[in-house]
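One structure is given below, encoded as structure tokens.
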Amino acid sequence: MYLTWLDSNSWLIEIGNQRILLDPWLVGSLIFGNADWFFKGSRPQERPIPENIDLILLSQGLEDHAHPPTLKQLDHKIKVVASPNAAKVVQGLGYTSVTSLAHGESFTLNNRVEIKAFPGSQIGPTLVENGYLFKELETGLTLYYEPHGYHSPQLKQFAPIDVIITPIMDMGLPLLGPILKGTNSALEVAKWLQPQVMLSTAAGGDVIFEGLLTKFLKTGGSFEEFRSLLEKNNLSTQLIEPLPGDRFELRLEKRALTI
């Protein structure tokens, strides 16, 4: 299994000899609703579009997960699996092979990787987006991704899970509550799933954020703090702090499934 963090929520996941582009924001700015005065994300330099992509996987329909400028540049014939909200975005852009995955539903990619959708981040009062569990069918190795730290208890029945990608640090707004549920949520899911490896997503990296909203954002937690919490809770999980653009190999042990 090879992983490349492309900054923010974006990953290239190579599993089962398949290349899956996850929540890609690679070109242009990140702006919600054309209000760059309110919030704008930018990169010192654009990320190159990865080649030979087998699947685009989208967890949410918001711009930081289904980023229209990036999606417009990608080949519209690439298969897309997405939350129902994100599926509407890519369908509107003219993608020709789109599978909308509701909670509890699964998609199998070329008989090599199974992707199962779980309840993920709550966006507004009624909309709950997707987290995903990947399973390499040949080896049984598993990876779980949820980009805001909202973890469904339904995952417990699939423990242990080998790799978790989720926020480690907290981010929120006064009165409105958390945007990223980091430290405590990540520790809870680590206790549930007993992963071999955990990687942080969403926070850090090279992205520059500006605008009115950034003046009110509150952040907390650190890798050192979370690594200490893993040790205090007798968890042998390896914590990896990825660097944007670096491709690295995960060497994982096969483990028996316990339910």
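Numbered per the numbering used here, the sequence shown spans residues 989 to 1247. Using N, Cα and C, we set each Cβ at its ideal position, and we do this for glycine too.
Here the stretch 1090-1108 makes no contact with the stretch 1049-1060; the two share fewer than three CB pairs at distances below 8 Å.
Under the Cβ criterion (8 Å, minimum of three pairs), the stretch 1068-1081 does not count as touching the stretch 1029-1036. Of the candidates Ala1090, Val1151, Ala1147, Val1151 places its Cα closest to the Cα of Gln1184.
Under the DSSP assignment, Phe1211 falls in the alpha helix (DSSP H) whose first and last residues are 1211-1220. In the three-state reduction of the DSSP assignment, Ser1109 falls in the strand class. Look at Ser1173 here: in three-state DSSP terms it is helix. In this structure the stretch 1171-1183 does not touch the stretch 1000-1012; the number of beta carbon pairs closer than 8 Å is below three. For Gln1145, there is no enclosing alpha helix (DSSP H), since its DSSP letter is neither H nor E. Excluding the 5 residues flanking it on each side, Ile1153 has same chain C-beta neighbours closer than 6 Å at Tyr1133, Leu1187, Thr1189, in chain order.
Counting along the chain, Thr1130 sits inside the beta strand (DSSP E) bounded by residues 1130-1133. Burial is judged here by how many other beta carbons sit within 10 angstroms of a residue's own beta carbon; Thr992 has at least 16 and is buried. In this structure, DSSP gives Gln1061 a helical state, which the three-state scheme calls helix.
The C-alpha of Leu1050 is placed about 15 Å away from the C-alpha of Asp1024.
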